[in-house]
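As numbered in the numbering used here, residues 40 to 122 make up the sequence shown, in order. Note that beta-carbon positions come from the ideal geometry of N, C-alpha and C, so glycine has one too. Please read these numbers as outputs of a predicted model, since none were measured by experiment.
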Amino acid sequence: MEKEYDFSKGKQGPIRSNKGKTRITIYLDDDILDAYRRKGDNIGRGYQTLINETLRQSISKKSAAVDAKTLRRILREELQKAV
40 MEKEYDFSKG KQGPIRSNKG KTRITIYLDD DILDAYRRKG DNIGRGYQTL
90 INETLRQSIS KKSAAVDAKT LRRILREELQ KAV
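This is how it looks when you write it as structure tokens:
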């Protein structure tokens, strides 16, 4: 051990968490939480990581809704390619 330590640049407060992540409190149904915990245990990953990935996938999916006009156009194009 040193005789003296320089704490002049030290900062008081809690340990800084990972950047880009925020600690929150959320209420989930027991069955949902149990399912994620079981799945995490089965594949060797954390249940919170799995929940985060599920939420990320849900917001990043492009809208799957296609109107009738667009569907007809796509079908025509694909049928022409097949002929």
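Helix, strand or coil for residue i? Go by DSSP, reduced to three states.
i      : result
Ser-47 : coil
Gly-59 : coil
Tyr-86 : helix
Thr-93 : helix
Gly-52 : coil
Lys-78 : helix
Check each candidate in the options and name the one with the smallest Cα separation from residue i.
i      : options                          : result
Lys-60 : Asn-81, Gln-87, Lys-120, Leu-118 : Gln-87
Ile-71 : Gly-83, Thr-93, Gly-52           : Thr-93
Ile-63 : Phe-46, Arg-84, Gly-85, Asn-91   : Asn-91
By the 10 Å Cβ neighbour count, where 16 or more other Cβ atoms means buried, how is residue i classified, buried or exposed?
i      : result
Tyr-75 : buried
I believe residue i touches residue j by the beta-carbon criterion, under 8 angstroms. Please report the beta-carbon distance rounded to the nearest angstrom.
i      : j      : result
Lys-78 : Leu-89 : 6 angstroms
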